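**Student:** Sequential numbering from -12 applies to the sequence shown in the working numbering.
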Amino acid sequence: MKKQLLVLTVFFLTATWSYGQITRDDSRLSRGYLRLGFSNFGQELNDDLSNFTVDDGGMANDATMLGNLMEGRNGAKRGYVFEFGRNYYFNQNSLLPLFDTKVGLDWTQLSLTYNQLDWSSIIERDRAAGYEVEEMDYFAASVSSKIGPVISINFIDKLVLDVRAQLAATYFVNGLDYYAYSEDDEKYFTFMPEEEDSDEVDGLKAFGKLGKFGFKPNFGATVRYSVIGLSIDYSPGSFKYEYETSEGGGDVQSGKEKFKNNVFQIKLSLTL
């Protein structure tokens, strides 16, 4: 709950501050924007363990919790994204004779996302097998800043197409901490395994264990008429996490692996 309150606090503080960052530039060499919409990542969970096997301590089935998450099946519900930034243009006159065309730099100064994770299919599967499940509000959130080249083409009247390719510096938090138990067994998955012979983790180390920082590509386009537009973005990639998991029977697996994190967004855009 504390993690979610922190995410909401950051969201509202950012929203109140962003207006001053996107106001109109009379020189026409830059245009500020604000975008709000839906953010989706991953796929539905696979809960079919009919072919589950354990080979020399390794769990061999993509329907395990580890297998699902490594392949980007997070069970994420439709989430939300809020972001603002500015296009900085290098030329004031058009580069093409037919259409007014400008080339510049698109800097999304701040982008915030939030998704709830729906693990009800895994919960029902384990309950049917006789386990009690500690239910929690699983969620994922991210904070990023994206920058890269943009081409803006004014086709007719006030109809403009912006096409961009950016590098996104991203801090991503996956708040999943699953635990199920029976009288003589347990199943669990965590991205924050306890360290042996260590005190409570705090400071920068806790920040690094809670979420992961990395760089991802981002490809997007905005079609706008005057100030109103529609934007789509796709950001493929992965994050390397420590983890610990058990599918029951006393078999525990831990380590550090890359977990897919492909994000698709569709947003309403306001360009000033």
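Cβ coordinates follow ideal geometry from the N, Cα and C atoms, glycine included.
Keep in mind it's a predicted model, so treat the numbers as computed, not measured.
Using alpha carbons as the reference points, say which of 231, 223, 237, 259 lies closest to residue 52.
**Tutor:** Locating residue 52 in the sequence shown gives position 65, where the first residue counts as 1. The residue from 231, 223, 237, 259 with its alpha-carbon nearest to that of residue 52 is 231.
**Student:** Residue 233: buried (16+ other C-beta within 10 angstroms of its C-beta) or exposed?
**Tutor:** Taking the sequence shown and counting its residues from 1, the one referred to as residue 233 is at position 246. It is buried - the Cβ of residue 233 has at least 16 other Cβ atoms within 10 Å.
**Student:** Can you tell me the Cβ-Cβ gap for residue 199 and residue 222, rounded? I've got them flagged as a contact below 8 Å.
**Tutor:** Taking the sequence shown and counting its residues from 1, one reaches residue 199 at position 212. Taking the sequence shown and counting its residues from 1, one reaches residue 222 at position 235. Incorrect: roughly 15 Å between the Cβ atoms, too far for contact.
**Student:** On a CA-only basis, which of 65, 164, 156, 215 is nearest residue 56? Give me that one, please.
**Tutor:** Taking the sequence shown and counting its residues from 1, the one referred to as residue 56 is at position 69. With distances taken between Cα atoms, residue 56 lies closest to 164.
**Student:** CB-CB under 6 Å to residue 18, same chain, minus the five flanking residues each way: which ones, in chain order?
**Tutor:** Indexing the sequence shown from 1 puts residue 18 at position 31. Here the set comprises 74, 258.
**Student:** Let me know the secondary structure DSSP gives residue 113 once reduced to three states.
**Tutor:** Residue 113 sits at position 126 when you count from the first residue of the sequence shown. Residue 113 falls in the helix class under three-state DSSP.
**Student:** Quick one: what's residue 201 bridged to in DSSP?
**Tutor:** The sequence position of residue 201 within the sequence shown is 214, counting from 1. Looking at the DSSP assignment, residue 201 forms a beta bridge with 157.
**Student:** Any contact between the region 88 to 96 and the region 131 to 138? By contact I mean 3 or more CB pairs, one from each, below 8 Å.
**Tutor:** With a cut-off of 8 Å, the region 131 to 138 and the region 88 to 96 count as touching, because enough Cβ pairs lie within range.
**Student:** Compare the Cα-Cα distances from residue 239 to each of 245, 174, 209, 107 and report the closest residue.
**Tutor:** Residue mapping note: residue 239 aligns to position 252 of the sequence shown, counting from 1. Residue 239 has its Cα closest to that of 174, out of 245, 174, 209, 107.
**Student:** Check whether the region 144 to 158 touches the region 104 to 123, taking contact to mean three or more Cβ pairs, one atom from each stretch, closer than 8 Å.
**Tutor:** no
**Student:** Is residue 63 near residue 28, with beta carbons less than 9 Å apart?
**Tutor:** Here the question's residue 63 lines up with position 76 in the sequence shown. Here the question's residue 28 lines up with position 41 in the sequence shown. Annotated as proximal: residue 63 and residue 28, with beta-carbon spacing under 9 Å.
**Student:** Taking residue 168 as the reference, give the member of 121, 151, 212, 59 with the closest Cα.
**Tutor:** What you label residue 168 is simply residue 181 of the sequence shown in a count that begins at 1. If we check each option's Cα against that of residue 168, 121 comes out closest.
**Student:** Given residue 172, which residues of its chain have a CB within under 7 Å of its CB, disregarding the five upstream and five downstream residues?
**Tutor:** Here residue 172 corresponds to residue number 185 of the sequence shown, with the count starting at 1. Excluding sequence neighbours, residue 172 sits near 235, 236.
**Student:** Can you check DSSP and say which residues form a bridge with residue 86?
**Tutor:** By 1-based counting over the sequence shown, the position of residue 86 is 99. In the DSSP output, where bridge partners are listed per residue, residue 86 has none listed.
**Student:** Taking Cβ positions, are residue 158 and residue 126 nearer each other than 9 Å?
**Tutor:** Here residue 158 refers to the residue found at position 171 of the sequence shown. Here residue 126 refers to the residue found at position 139 of the sequence shown. Not a contact, by the Cβ cut-off of 9 Å.
**Student:** Does DSSP put residue 224 in a helix, a strand or coil?
**Tutor:** By one-based count along the sequence shown, residue 224 stands at place 237. Assigned with DSSP and collapsed to three states, residue 224 falls in coil, not helix or strand.
**Student:** DSSP three-state call for residue 255: helix, strand or coil?
**Tutor:** Reading the sequence shown from its first residue, position 268 is the one you call residue 255. Of the three classes helix, strand and coil, the one that applies to residue 255 here is strand, per DSSP.
**Student:** Let me know the secondary structure DSSP gives residue 233 once reduced to three states.
**Tutor:** Counting from one through the sequence shown, the residue named residue 233 turns up at place 246. DSSP places residue 233 in strand when its eight states are reduced to three.
**Student:** Using a 10 Å radius around the Cβ and a threshold of 16 neighbouring Cβ atoms, would you call residue 252 buried or exposed?
**Tutor:** Residue mapping note: residue 252 aligns to position 265 of the sequence shown, counting from 1. Counting C-beta atoms within 10 angstroms of its own C-beta, residue 252 has 16 or more neighbours from the protein chains shown and is therefore classed as buried.
**Student:** Do residue 148 and residue 210 count as a contact pair if the criterion is CB distance below 9 Å?
**Tutor:** In the sequence shown, counting from the first residue as 1, residue 210 sits at position 223. In the sequence shown, counting from the first residue as 1, residue 148 sits at position 161. Closer than 9 Å, so yes.
**Student:** Could you tell me the alpha carbon to alpha carbon distance between residue 170 and residue 119, rounded to whole angstroms?
**Tutor:** Locating residue 170 in the sequence shown gives position 183, counting from the first residue. Locating residue 119 in the sequence shown gives position 132, counting from the first residue. Distance between the alpha carbons of residue 170 and residue 119 is about 9 Å.
**Student:** In the structure shown, what three-state DSSP assignment does residue 218 receive?
**Tutor:** As a working mapping, residue 218 is identified with position 231 in the sequence shown. Note: residue 218 maps to strand in three-state DSSP.
**Student:** Tell me whether residue 174 sits in a helix, a strand or coil according to DSSP, three-state version.
**Tutor:** Here residue 174 refers to the residue found at position 187 of the sequence shown. Here DSSP, grouped into helix, strand and coil, assigns residue 174 to strand.
**Student:** So what does DSSP say about residue 55, is it helix, strand or coil?
**Tutor:** Mapped onto the sequence shown, residue 55 falls at position 68. Helix at residue 55.
**Student:** Since residue 207 and residue 218 should fall inside the 8 Å C-beta cutoff, what is the C-beta to C-beta distance between them, to a whole number of angstroms?
**Tutor:** For the purposes of this step, residue 207 is taken as the residue at position 220 of the sequence shown. For the purposes of this step, residue 218 is taken as the residue at position 231 of the sequence shown. About 6 Å; that satisfies the 8 Å criterion.
**Student:** Going by DSSP in three states, residue 107 sits in which element: helix, strand or coil?
**Tutor:** Indexing the sequence shown from 1 puts residue 107 at position 120. Residue 107: helix per DSSP, three-state reduction.
**Student:** Quick one: what does DSSP say residue 250 is sitting in, helix, strand or coil?
**Tutor:** What you label residue 250 is simply residue 263 of the sequence shown in a count that begins at 1. Residue state, collapsed to three classes: strand.
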